[in-house]
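If you read the sequences in order, they're chains A and B. If you count the first sequence from 1, you need to add 20 to reach my numbering. If you count the second sequence from 1, you need to add 20 to reach my numbering. All C-beta atoms in this analysis are idealised placements derived from N, C-alpha and C, irrespective of residue type, glycine included.
There are 2 protein chains.
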Amino acid sequence: MRRGRSLLRQEVSDGIKRYILDNKLGPGDALPTESELSATLGASRSSVREAVKTLDALDIVEVRHGHGTYVGRLSMSALVEGLTFRGLLSREDDFKVMSDLVDVRELFERGMSDRILATLADEHFTDLNRLVDDMEQSGSGDGTGFVEADRAFHALLVAPLGNELIGQLSLAFWDVYTVVVPHLGVITSEDEAETVTNHRRIIDAARARDADAFARAITEHYAPIRHRVDRARAATSAGG
Amino acid sequence: MRRGRSLLRQEVSDGIKRYILDNKLGPGDALPTESELSATLGASRSSVREAVKTLDALDIVEVRHGHGTYVGRLSMSALVEGLTFRGLLSREDDFKVMSDLVDVRELFERGMSDRILATLADEHFTDLNRLVDDMEQSGSGDGTGFVEADRAFHALLVAPLGNELIGQLSLAFWDVYTVVVPHLGVITSEDEAETVTNHRRIIDAARARDADAFARAITEHYAPIRHRVDRARAATSAGG
DNA sequence: GCAAATTTGTCCGTATGTATC
DNA sequence: AGATACATACGGACAAATTTG
């Protein structure tokens, strides 16, 4: 088997991507079996499997045990996993990654404030208010309801923009923050009451179409989050 | 061999990540060989290899043929590959992904305008000007010099922020756009002279510390880029 | 509920290509 | 050049999961 210079696994990976593009497949559509790909692309099943695994990591394909291989959802899962690991590894780096991450989260919601205020309709406000109600009630109960409502709140905030990429990136960064923050090393007492208050302030400013108040509410909402990361950074540099 | 519920490959992947975290390794540090990992984690070489390939796709590890396996650079390569494929696949979707992408690129530079203006120093202006000079000269020659200078320009613009994450995301989106735009299907006559002019306007506004002019210059710079994508979207919906 | 068929998951052994010393 | 260490690739076999009859 003569192989020029590039890796066979890479050629197989490219071949699978080309197959999806040429056949105009979309998320959920079925791909040939590993055996068929092996025959078509002229590589052993082992090489095909390794190629499929790299595409699976990027959510370009999705493998279901005993069922088959399908086109993936093309989500931000790879970004989440990579950034999460980077955040966990950044202990030596004083968690600077997390600090930068909070900046980006605030940038998305602040930088899009004009368009958010312009597109938010009455229905959105009722949905947002309902979510904050959920946060308030489930706060004393199990903690999972609170964080899920918080996630949905930030998703709904940028949803009316119609820019799915921003919505997905925003949620991806939320996911990374939520996973990494328990590992920051300091007691990050999630003041749920404060979060509820800040969320309500964001809704009120948006409903009043007050751009300045909205931007201020966003900043105030991220202030305690930023403070949590900064405390962890200070503790690390002092203790380490 | 009994295994609970999760896949062995996943356990191996988690084991490798844990090894990196526990030993506080950083990019470039060596990992155990595949054989050692196989013995340590209790899995065959095949399973280890597949796990390593998924981590390689996320740039968490980096494999050098005949040399060994090392901790990766934790770059945005996975985001670039995933978004690029999504952009190429979005023909049916009227290239909406690309339209959203341009929004995000502009958001980064517009949303950070205040901090950019506050942190840009004299040295940065000379570097930026030199890059635009390069673009002007290499414009008539080979096209590679132009695009590289353009990439460096946008990198330098957000570099003084000190937020590496924004810098890397900004470049990642630049990479995706540059790869996908030739496949948009319409003649996207890259008006290099116009790009040079717009870049100079951005520098001038920054030098004058004029926030409004800076924001306007950014918008005007992305206007033709946005127009290119919109034309492609219109052509696709009309032709298909 | 059982059994067969299909498909992916895992393992082993071997040979080859690549980089280092 | 030779030797060594390592990743790459192959082929076959069996296990596990899912669907279907």
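query: Beta-carbon proximity of Phe234 of chain B to Leu137 of chain B, cut-off 9 angstroms; result: yes
query: Beta-carbon proximity list for Ala169 of chain B, same chain, < 8 angstroms, skipping 5 on both sides; result: Leu151, Val152, Asp154, Met155, Ser158
query: Strand pairing of Val152 of chain A, partner residues [DSSP]; result: Looking at the DSSP assignment, Val152 of chain A forms no beta bridge with any residue, so it has no partner.
query: Any chain A beta carbon closer than 9 angstroms to Glu184 of chain B; result: yes
query: Within 9 angstroms, strictly: CB atoms of Gly205 of chain B and Leu94 of chain A; result: no
query: Where the alpha helix (DSSP H) through Thr60 of chain B begins and ends; result: 54-61
query: Three or more C-beta pairs below 8 angstroms linking the segment 167-183 of chain B and the segment 183-190 of chain A; result: no
query: Residues near Ser97 of chain B by beta carbon distance below 7 angstroms, same chain, minus five either side; result: Asp79
query: Residues near Leu176 of chain B in its chain [Cβ-Cβ closer than 8 angstroms; skip 5 each side]; result: His144, Asp147, Leu148, Leu151
query: The alpha helix (DSSP H) enclosing Val72 of chain A, as first and last residue numbers; result: 65-77
query: Range of the contiguous alpha helix (DSSP H) that encloses Val201 of chain B; result: It is not in any alpha helix (DSSP H) - Val201 of chain B carries neither H nor E in the DSSP assignment.
query: Beta-carbon contacts of Asp49 of chain A that lie in its chain and below 7 angstroms, excluding the five residues immediately before and after; result: Tyr90, Val91
query: Pair within 9 angstroms by beta-carbon distance, Thr60 of chain A and Arg29 of chain A; result: no
query: Where the beta strand (DSSP E) containing Gly131 of chain B begins and where it ends; result: Looking at the DSSP string, Gly131 of chain B is not in any beta strand (DSSP E); the run it does join, the alpha helix (DSSP H), is 116-131.
query: Residue range of the unbroken beta strand (DSSP E) whose run includes Arg84 of chain B; result: 81-84
query: Host alpha helix (DSSP H) of Gly107 of chain B (start-end); result: 97-109
query: Chain B contact for Thr74 of chain A (CB, 9 angstroms cutoff); result: yes
query: Chain A contact for Ser64 of chain B (CB, 9 angstroms cutoff); result: no
query: N- and C-terminal bounds of the beta strand (DSSP E) containing Gly88 of chain B; result: 88-91
query: Same chain, Cβ closer than 6 angstroms to Arg22 of chain A, five either side skipped, listed in chain order; result: Unreliable positioning characterises Arg22 of chain A in this predicted model, as indicated by a pLDDT of 40, which lies under 50. The coordinate reading is nonetheless provided below. If we look at Arg22 of chain A and ignore the five residues flanking it on each side, it has no Cβ neighbours.
query: Per-residue burial, Ile40 of chain A [other beta carbons within 10 Å of its own, 16 or more giving buried]; result: buried
query: Sub-9 angstroms separation of Asp250 of chain B and Ser110 of chain B beta-carbons; result: no
query: Beta carbon proximity, Asp230 of chain A to chain B, threshold 9 angstroms; result: no
query: Range covered by the alpha helix (DSSP H) that runs through Ala225 of chain B; result: 212-227
query: Residue-level contact to chain B via CB, Met21 of chain A, 9 angstroms cutoff; result: Caution is warranted here: a pLDDT of 42 is assigned to Met21 of chain A, below 50, making its placement in the model unreliable, and no coordinate value can be reported.
query: Environment of Glu82 of chain B [buried if 16+ CB atoms lie within 10 Å]; result: buried
query: Contact set between Ile40 of chain B and chain A, taken where Cβ atoms lie within less than 9 angstroms; result: Phe105, Leu109
query: Cα-Cα separation between Val32 of chain A and Val72 of chain A, rounded to whole angstroms; result: 8 angstroms
query: Ala50 of chain B (DSSP reduced to helix, strand or coil); result: strand
query: Per-residue burial, Lys37 of chain A [other beta carbons within 10 Å of its own, 16 or more giving buried]; result: buried
query: Contact under 9 angstroms by Cβ, Glu129 of chain B with Ile245 of chain B; result: no
query: Collapsed DSSP secondary structure at Asp147 of chain A in the structure displayed; result: helix
query: Of the listed residues B:Arg220, B:Thr256, B:Val201, nearest to Phe105 of chain B (C-alpha basis); result: B:Val201
query: Chain A residues whose Cβ lies nearer than 8 angstroms to that of Arg130 of chain B; result: Gly131
query: Beta carbon proximity, Ile136 of chain B to chain A, threshold 9 angstroms; result: no
query: Straight-line gap, Arg227 of chain B to Thr139 of chain B (C-alpha atoms, nearest Å); result: 11 angstroms
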